[in-house]
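> Dropping a structure here in structure tokens format, bear with me for questions.
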Amino acid sequence: MKRALVVQSDFGISDGAVSAMHGVANSVDHDLKIFDLTHDIPPYNIWEASYRLWQTVTYWTEGTVFVSVVDPGVGSTRRSVAVQTGSGQYVITPDNGSLTHIARTEGIRAVREIDESVNRLPKSGESYTFHGRDIYAYTGARLASGIISFEGVGPELPVSSLVQLPVKEAWAEDNMVEGMIDILDIRFGNLWTNISRELFKSLDVPYGGAIEVEIKHDGRSIYRNVMTFGRSFADTHKGEPLVYINSLDNMAVAINQGSFARAYGIRTGSNWIVIFRKKED
Amino acid sequence: MKRALVVQSDFGISDGAVSAMHGVANSVDHDLKIFDLTHDIPPYNIWEASYRLWQTVTYWTEGTVFVSVVDPGVGSTRRSVAVQTGSGQYVITPDNGSLTHIARTEGIRAVREIDESVNRLPKSGESYTFHGRDIYAYTGARLASGIISFEGVGPELPVSSLVQLPVKEAWAEDNMVEGMIDILDIRFGNLWTNISRELFKSLDVPYGGAIEVEIKHDGRSIYRNVMTFGRSFADTHKGEPLVYINSLDNMAVAINQGSFARAYGIRTGSNWIVIFRKKED
Amino acid sequence: MKRALVVQSDFGISDGAVSAMHGVANSVDHDLKIFDLTHDIPPYNIWEASYRLWQTVTYWTEGTVFVSVVDPGVGSTRRSVAVQTGSGQYVITPDNGSLTHIARTEGIRAVREIDESVNRLPKSGESYTFHGRDIYAYTGARLASGIISFEGVGPELPVSSLVQLPVKEAWAEDNMVEGMIDILDIRFGNLWTNISRELFKSLDVPYGGAIEVEIKHDGRSIYRNVMTFGRSFADTHKGEPLVYINSLDNMAVAINQGSFARAYGIRTGSNWIVIFRKKED
Chain A
1 MKRALVVQSD FGISDGAVSA MHGVANSVDH DLKIFDLTHD IPPYNIWEAS
51 YRLWQTVTYW TEGTVFVSVV DPGVGSTRRS VAVQTGSGQY VITPDNGSLT
101 HIARTEGIRA VREIDESVNR LPKSGESYTF HGRDIYAYTG ARLASGIISF
151 EGVGPELPVS SLVQLPVKEA WAEDNMVEGM IDILDIRFGN LWTNISRELF
201 KSLDVPYGGA IEVEIKHDGR SIYRNVMTFG RSFADTHKGE PLVYINSLDN
251 MAVAINQGSF ARAYGIRTGS NWIVIFRKKE D
Chain B
282 MKRALVVQSD FGISDGAVSA MHGVANSVDH DLKIFDLTHD IPPYNIWEAS
332 YRLWQTVTYW TEGTVFVSVV DPGVGSTRRS VAVQTGSGQY VITPDNGSLT
382 HIARTEGIRA VREIDESVNR LPKSGESYTF HGRDIYAYTG ARLASGIISF
432 EGVGPELPVS SLVQLPVKEA WAEDNMVEGM IDILDIRFGN LWTNISRELF
482 KSLDVPYGGA IEVEIKHDGR SIYRNVMTFG RSFADTHKGE PLVYINSLDN
532 MAVAINQGSF ARAYGIRTGS NWIVIFRKKE D
Chain C
563 MKRALVVQSD FGISDGAVSA MHGVANSVDH DLKIFDLTHD IPPYNIWEAS
613 YRLWQTVTYW TEGTVFVSVV DPGVGSTRRS VAVQTGSGQY VITPDNGSLT
663 HIARTEGIRA VREIDESVNR LPKSGESYTF HGRDIYAYTG ARLASGIISF
713 EGVGPELPVS SLVQLPVKEA WAEDNMVEGM IDILDIRFGN LWTNISRELF
763 KSLDVPYGGA IEVEIKHDGR SIYRNVMTFG RSFADTHKGE PLVYINSLDN
813 MAVAINQGSF ARAYGIRTGS NWIVIFRKKE D
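Protein sequences, first through last, are from chains A, B and C.
Numbering of the first sequence is given in our numbering, commencing with residue 1 and proceeding in unit increments.
Numbering of the second sequence is given in our numbering, commencing with residue 282 and proceeding in unit increments.
Numbering of the third sequence is given in our numbering, commencing with residue 563 and proceeding in unit increments.
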């Protein structure tokens with residue numbers, strides 16, 4: 001059965017790179033459904049590539065093939081792999097950490113290294129730089145259309161051999177939970193943390209209740225304030241900060257109709273810490 | 282018969298939100314044709330969402346399903362609706378005014394409130410914030426693919442109950458017509474007014490003739506000058522202003538190969554007035 | 563047999579123009595596969611439209627129909643044409659130079675002028691400004707879906723009558739090659755020249771060898787330095803400049819993980835010259 005091909009990269013959509021990938025995939029199989037996840041991953045930002053794959057992969061059916069090309073090590077000895085996720089989708093990517101989030105959540109069932117001697121766009125041997133088009137899009141389209149099976153990608157690799165980015169775990173103790181700012185909800189400037197709804201529940205704060213939020217960067221306190229834990233933005237006034245549960249069931253911090261990230265100069269990564277403390281009555 | 286699904290939002294295309302919506306729609310029906318109208322609606326700008334729907338809807342065949350998610354009131358008591366337009370397409374949207382333009386031009390034949398007890402992505406109950414994916418994209422895909430009929434969306438509502446944004450009508454008197462700046466042609470900085478070609482005709486200015494253009498903001502005159510009424514940009518020199526008929530058969534003001542909006546700091550809405558006056562000989 | 567329709571323009575994707583084109587094409591044939599090349603061509607930049615068509619066209623199968631709408635002369639007497647490329651794809655475009663690159667590389671087999679009396683969206687006669695939707699997307703969709711043949715586009719024109727933009731050829735002499743900066747790899751700020759790998763080979767510089775790079779603007783030297791000729795970015799350190807072969811088999815200049823274009827204020831066109839000189843030992 002044919003499945004969709006979903007393409008992600010840091011190429012942007014202002015030049016012809018993405019269309020060349022689409023063209024190669026369409027040439028493999030004219031009936032293939034081709035979608036774009038995003039091509040706006042910040043250049044070389046493997047962490048964000050990993051995050052965006054995780055954010056979307058389970059909303060696609062089993063068998064969907066993702067191609068993710070954020071590849072600062074292109075031309076090095078980094079491997080090219082295809083994996084089957086625990087939820088049954090496939091991801092084709094350089095093995096550089098872009099499967100970090102999925103490996104920790106959905107899990108990885110199996111890994112294959114792309115055999116470029118068979119899985120390479122014919123007559124592309126002279127071009128050294130566009131693996132995204134000649135290897136990844138080509139192989140992804142062949143897998144999605146059923147021309148090759150997962151086994152046909154190439155030899156099996158141990159799941160444990162996949163490159164993983166370092167992650168700082170969220171944790172809780174009496175009356176506080178701590179985590180990192182995983183990513184920004186770019187369009188609205190909201191902070192998305194790696195603190196799950198479940199972990200946050202240990203604070204026992206009801207919807208509409210008050211919660212203290214502190215944000216630290218490299219150990220220095222950047223922000224500390226009490227705000228509402230809202231069921232939605234409608235629970236606060238315009239311009240008011242709030243804590244809410246995002247569409248990934250993780251805790252997020254926002255200003256209603258404003259940009260929290262811009263207001264306080266917040267960015268992402270394991271050196272940006274968020275602490276929720278239960279407010280004493 | 283299957284119809285296309287066309288998705289609009291203010292989410293941008295830099296994260297995974299749009300792809301999650303695509304994934305849900307593709308999961309409903311692998312054969313569904315999915316398109317994007319735009320995801321670049323300015324955050325929370327319902328007026329522009331309404332305008333973009335109007336600008337495109339009639340170029341799609343009857344039965345096409347639009348999903349528009351510009352939803353500042355998400356989580357409030359605002360209703361979620363599906364409507365059938367006077368030209369036969371469907372639009373699924375929060376009931377917050379994003380049907381204002383279509384209601385005034387194509388008209389609305391019928392309205393249904395989405396019954397979220399049946400029209401909600403299975404297992405999405407825990408997530409409170411992503412109606413665009415779990416309700417709107419899911420329901421839109423089911424309607425477009427024929428899994429549910431329009432009646433299957435939910436109970437009927439009176440057309441008159443739809444929320445409408447306030448609009449300032451264009452009008453004419455001897456030798457002048459007045460209207461508002463409806464929207465900017467963003468890429469080129471042209472001003473698109475709500476003054477129709479028909480109304481403008483009352484001035485009896487021929488192609489190539491001169492017309493005085495005044496622009497007022499909150500009653501204060503921002504710009505007043507005489508320019509050419511051109512059949513097209515080719516009728517003026519580079520850098521020259523002109524009045525022309527846009528692709529919606531409304532009057533527009535531009536600088537040939539320049540940005541009128543940026544040159545004079547023009548924006549949109551009912552407090553931005555345009556007056557065309559016939560130049561006396 | 564049905565082929566894909568690939569659309570390019572300078573309209574951006576923030577308004578409804580592209581979606582109206584998609585809608586018209588989808589209305590012509592619900593089964594048509596519709597793709598976007600890019601809509602981010604700088605406004606009125608025919609050179610870049612020509613470059614992007616060339617960059618992608620051969621990655622799509624024979625019979626694919628491209629529609630390119632960068633049309634500063636809309637409304638003038640410029641012709642609307644469809645061509646068949648030497649590699650078997652079709653391009654529909656205003657005849658203003660946007661076929662310059664393809665004509666020089668793939669060649670043009672045949673040209674037809676669009677007969678707008680038959681190839682125009684029904685009931686679009688009143689609108690003077692949106693040829694992209696009413697003529698080009700409509701005709702492109704009819705050609706891609708097989709409703710009309712190439713001959714059905716309109717009367718044949720001599721290939722030699724196509725408008726061509728001026729081009730500065732790359733050339734070589736002892737120990738140097740000279741060319742122009744054809745385009746920027748926008749996302750990464752790399753300079754893409756029109757100097758082919760073949761021409762560069764005349765310098766006999768091995769991978770890993772040193773090469774002097776000079777960049778001149780209007781005859782004045784802007785940059786002159788020795789850098790590595792790398793097989794890929796992995797051959798240099800972060801922040802180091804390099805010369806490499808791009809995905810078009812042309813020579814390019816970059817800073818590893820930086821923007822060369824921004825660092826030195828480089829732009830494109832025939833007045834931006836690149837000279838590679840073999841370094842004497």
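Note that beta-carbon positions come from the ideal geometry of N, C-alpha and C, so glycine has one too.
Quick one: complete beta strand (DSSP E) runs, 3+ long, within the stretch 768-805 of chain C?
For the stretch 768-805 of chain C, whole beta strand (DSSP E) runs of length 3 or above, ordered along the chain, are 772-779 and 782-791.
> How is residue 408 of chain B classed by DSSP in three states: helix, strand or coil?
Below a pLDDT of 50, predicted positions are generally treated as unreliable, and residue 408 of chain B, at 49, falls in that range; the measurement from the model is reported next regardless. In the structure shown, residue 408 of chain B sits in coil (DSSP, three-state: anything other than H, G, I, E or B).
> Give every residue of the same chain whose Cβ lies closer than 6 Å to the Cβ of residue 270 of chain A, excluding the five residues on either side of it in the sequence, and list them in chain order.
Excluding positions up to five away in sequence, the list reads 168 and 180.
> If I measure Cβ to Cβ from residue 689 of chain C and keep anything under 8 Å in the same chain, skipping five residues before and after, which residues do I get?
Residue placement at residue 689 of chain C is flagged as unreliable, the pLDDT there being 49, under the threshold of 50; the coordinate-derived value follows with that caveat. Closer than 8 Å at Cβ, skipping near neighbours: 696.
> Are the beta-carbon atoms of residue 348 of chain B and residue 421 of chain B separated by less than 7 Å?
Contact flag set, yes.
> Looking at the C-beta of residue 577 of chain C, does it have a partner C-beta in chain B at a distance below 7 Å?
Answer yes: the Cβ-Cβ gap between residue 577 of chain C and chain B drops below 7 Å somewhere.
> For the alpha helix (DSSP H) holding residue 477 of chain B, just list the boundary residues, first then last.
No alpha helix (DSSP H) holds residue 477 of chain B; the beta strand (DSSP E) holding it covers 471-477.
> The stretch 23-38 of chain A: which residues have C-beta closer than 8 Å to a C-beta of chain C, in chain order?
Those would be 23, 24, 26, 27, 30 and 34, in chain order.
> Does any CB atom of chain C fall closer than 7 Å to the CB of residue 75 of chain A?
Chain C contact via Cβ: present.
> Using a C-beta to C-beta distance shorter than 8 Å, which residues of chain C count as neighbours of residue 72 of chain A?
The contacting residues are 795 and 819.
> Decide if residue 447 of chain B is buried, meaning its Cβ has at least 16 other Cβ atoms within 10 Å, or exposed.
The residue in question, residue 447 of chain B, is exposed, as its Cβ has fewer than 16 Cβ neighbours within 10 Å.
> Going by alpha carbons, who is nearest to residue 18 of chain A out of C/614, C/723 and C/579?
Looking at the Cα atoms, C/614 is the closest of the given residues.
> Would you verify that the beta carbon of residue 88 of chain A is, or is not, closer than 7 Å to some beta carbon of chain C?
Cβ-Cβ to chain C under 7 Å: no for residue 88 of chain A.
> Any idea what DSSP makes of residue 620 of chain C, helix, strand or coil?
Note: residue 620 of chain C maps to coil in three-state DSSP.
> Looking only at C-alpha atoms, which of A/265, A/199, A/76 and A/150 sits nearest to residue 250 of chain A?
Checking every option, the nearest Cα to that of residue 250 of chain A belongs to A/199.
> Cutting at 7 Å between CB atoms, please list the residues of its own chain near residue 319 of chain B, excluding the five before and the five after it.
Around residue 319 of chain B: 289 and 333.
> Tell me whether the beta-carbon of residue 533 of chain B lies closer than 7 Å to the beta-carbon of residue 471 of chain B.
Yes.
> Could you work out which residue in C/595, C/704, C/619 and C/775 is closest to residue 716 of chain C when comparing CA atoms only?
If we check each option's Cα against that of residue 716 of chain C, C/704 comes out closest.
> Which residue marks the beginning of the alpha helix (DSSP H) containing residue 424 of chain B, and which one marks its end?
Taken as a continuous stretch (DSSP letters only), the alpha helix (DSSP H) holding residue 424 of chain B covers 419-425.
> Can you find at least 3 beta carbon pairs, one from the stretch 426-434 of chain B and one from the stretch 494-503 of chain B, that sit closer than 8 Å?
No: fewer than three Cβ pairs fall under 8 Å.
> What number of angstroms, rounded off, separates the C-alpha of residue 92 of chain A from the C-alpha of residue 809 of chain C?
The straight-line gap from Cα to Cα measures roughly 20 Å.
> Please list, in chain order, the residues of the stretch 164-197 of chain A that have any C-beta partner in chain C closer than 8 Å.
Those residues of the stretch 164-197 of chain A that come within reach of chain C (Cβ to Cβ, closer than 8 Å) do not exist; the list is empty.
> Which residues in the same chain have their Cβ closer than 8 Å to the Cβ of residue 720 of chain C, if we skip the five residues on either side of it in sequence?
Same-chain partners within the cutoff: 673.
> Decide if residue 509 of chain B is buried, meaning its Cβ has at least 16 other Cβ atoms within 10 Å, or exposed.
Under this definition residue 509 of chain B is a buried residue.
> According to DSSP, simplified to helix, strand and coil, what is residue 588 of chain C?
Helix, per DSSP.
> When you compare only the Cα positions, how much space is there between residue 89 of chain A and residue 63 of chain A?
Each residue's Cα considered, the two are about 5 Å apart.
> Check whether the Cβ atoms of residue 350 of chain B and residue 322 of chain B sit closer than 7 Å, and answer yes or no.
No, they are not a contact pair.
> Residue 293 of chain A: which of A/10, A/28 and A/123 sits nearest, CA to CA?
Residue 293 of chain A is absent from the model: chain A starts at 1 and stops at 281.
> I want to see whether chain B comes within less than 7 Å of residue 218 of chain A, judged by CB atoms only; does it?
By this cut-off, residue 218 of chain A is not an interface position.
> Should residue 269 of chain A be flagged as near chain C, meaning a C-beta pair shorter than 7 Å?
Chain C contact via Cβ: absent.
> Which residues, in order along the stretch 40-61 of chain A, keep a beta-carbon less than 7 Å from a beta-carbon of chain E?
Going by chain labels, chain E is absent from the structure shown, which instead holds the protein chains A, B and C.
> Assuming residue 108 of chain A and residue 86 of chain A are in contact, meaning their beta carbons sit under 8 Å apart, how far apart are those beta carbons, in whole angstroms?
The pair is a contact, with the Cβ atoms about 7 Å apart (cut-off 8 Å).
> Could you give the residue range of the beta strand (DSSP E) that holds residue 276 of chain A?
Segment 269-278, the beta strand (DSSP E) holding residue 276 of chain A.
> Under 7 Å between C-beta atoms, does residue 418 of chain B make it to chain C?
Residue 418 of chain B does not count as touching chain C.
> Of the residues C/722, C/582 and C/759, which one's Cα is nearest the Cα of residue 666 of chain C?
Nearest of C/722, C/582 and C/759 to residue 666 of chain C, Cα basis: C/722.
> Could you work out which residues of chain A lie near residue 557 of chain B, taking near to mean beta carbons separated by less than 8 Å?
Simply none; closest approach about 36 Å.
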